[in-house]
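Per numbering that gives the first Met the number 0, the sequence shown starts with residue 0, numbered consecutively. Beta carbons: idealized from backbone N, C-alpha and C, even for Gly. The block underneath contains the structure these notes are about, expressed in structure tokens.
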Amino acid sequence: MTLEFFQVTCGIGAKEFPFMSEVSETVAVGLAAYYEFVAAQLHKWVDPLSNEQFWRKPYPYGNSVGHLVLHLTGNLNYYIGTRVAETGYIRDRDREFTDHQPPPKEEALRAFDRTIAMVVTTIRKQKTEDWGKAYTAEREPEAADCFQIFVRCAGHAYHHVGQIVYLSRELART
Numbered sequence: 000m001t002l003e004f005f006q007v008t009c010g011i012g013a014k015e016f017p018f019m020s021e022v023s024e025t026v027a028v029g030l031a032a033y034y035e036f037v038a039a040q041l042h043k044w045v046d047p048l049s050n051e052q053f054w055r056k057p058y059p060y061g062n063s064v065g066h067l068v069l070h071l072t073g074n075l076n077y078y079i080g081t082r083v084a085e086t087g088y089i090r091d092r093d094r095e096f097t098d099h100q101p102p103p104k105e106e107a108l109r110a111f112d113r114t115i116a117m118v119v120t121t122i123r124k125q126k127t128e129d130w131g132k133a134y135t136a137e138r139e140p141e142a143a144d145c146f147q148i149f150v151r152c153a154g155h156a157y158h159h160v161g162q163i164v165y166l167s168r169e170l171a172r173t
């Protein structure tokens, strides 16, 4: 149940639930740390790759590590940047996977790092009442509030970092 539920149903506010600000702080610290962990894991596996390896598809089907990094950058910039932080980012999802003239590896990683910094800053700016605010976005009907989109995006990022780990190992063998 959210704070908003209690406010509407019971006619009481945040002052009657002082522990909610502590919960909000715990959530923010935990989520921010998790996004930073995911970014560190990505760098652990991607930094040793050459630019050529970063963009090479080890299999004819699937993606390159670089395209997955572009995808994570676009995903977080849209779902959190545009929809929560109101950055104005405009996403071209198809291009994340099909860009035939992609940026150099270092440029793609800098964009990813800036995006993670934006996500962490946005998390830290959330007030107790912000976590339960209604959330809507194309392709994310299950995320009903801001808290849910931060969790869903964290899971999505970790999923793709797992793919990046696998691809990086395959690239190291070739």
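| query | result |
| --- | --- |
| Report buried or exposed for I79, applying the criterion of at least 16 other Cβ atoms within 10 angstroms of its Cβ. | buried |
| Does the contact criterion of 3 or more C-beta pairs under 8 Å hold for the segment 63–80 versus the segment 102–120? | yes |
| Less than 7 Å between the beta carbons of W130 and C145, yes or no? | yes |
| How about the segment 96–107 and the segment 46–56: do they share at least three Cβ pairs that are nearer than 8 Å? | yes |
| Buried or exposed: which applies to E95, given that a residue is buried once 16 or more other Cβ atoms fall within 10 Å of its Cβ? | buried |
| What's the call for Y60, buried or exposed, on a 16-neighbour Cβ count within 10 Å? | exposed |
| Measuring CA to CA, which of T121, V28 and D98 is closest to L75? | T121 |
| Can you give me the C-alpha to C-alpha distance between W58 and Y165, rounded to a whole angstrom? | Note that residue 58 is Tyr in the sequence shown here, rather than Trp. The straight-line gap from Cα to Cα measures roughly 12 Å. |
| Short check: CB of I163 to CB of L69, under 7 Å? | no |
| Report the residue from T173, A156, L170 and R172 whose alpha carbon sits nearest the alpha carbon of Q40. | A156 |
| Going by alpha carbons, who is nearest to R90 out of G73, S63, T97 and V26? | G73 |
| For the candidate residues F53, K124 and T173, whose alpha-carbon lies nearest to that of A84? | K124 |
| Quick one: give me the first and last residue of the alpha helix (DSSP H) that R90 is part of. | From DSSP, R90 is part of no alpha helix (DSSP H); its letter is neither H nor E. |
| Pull up the distance between the alpha-carbon of L71 and that of R55, whole angstroms please. | 17 Å |
| For D112, which of helix, strand or coil comes out of DSSP? | helix |
| Cβ atoms of Y34 and V118: under 7 Å apart, would you say? | yes |
| Distance check for F36 and R168, CA to CA, integer angstroms please. | 20 Å |
| If you follow the alpha helix (DSSP H) that G74 is in, where does it begin and where does it stop? | It should be pointed out that residue 74 corresponds to Asn in this sequence rather than to Gly. Residues V64 to L75. |
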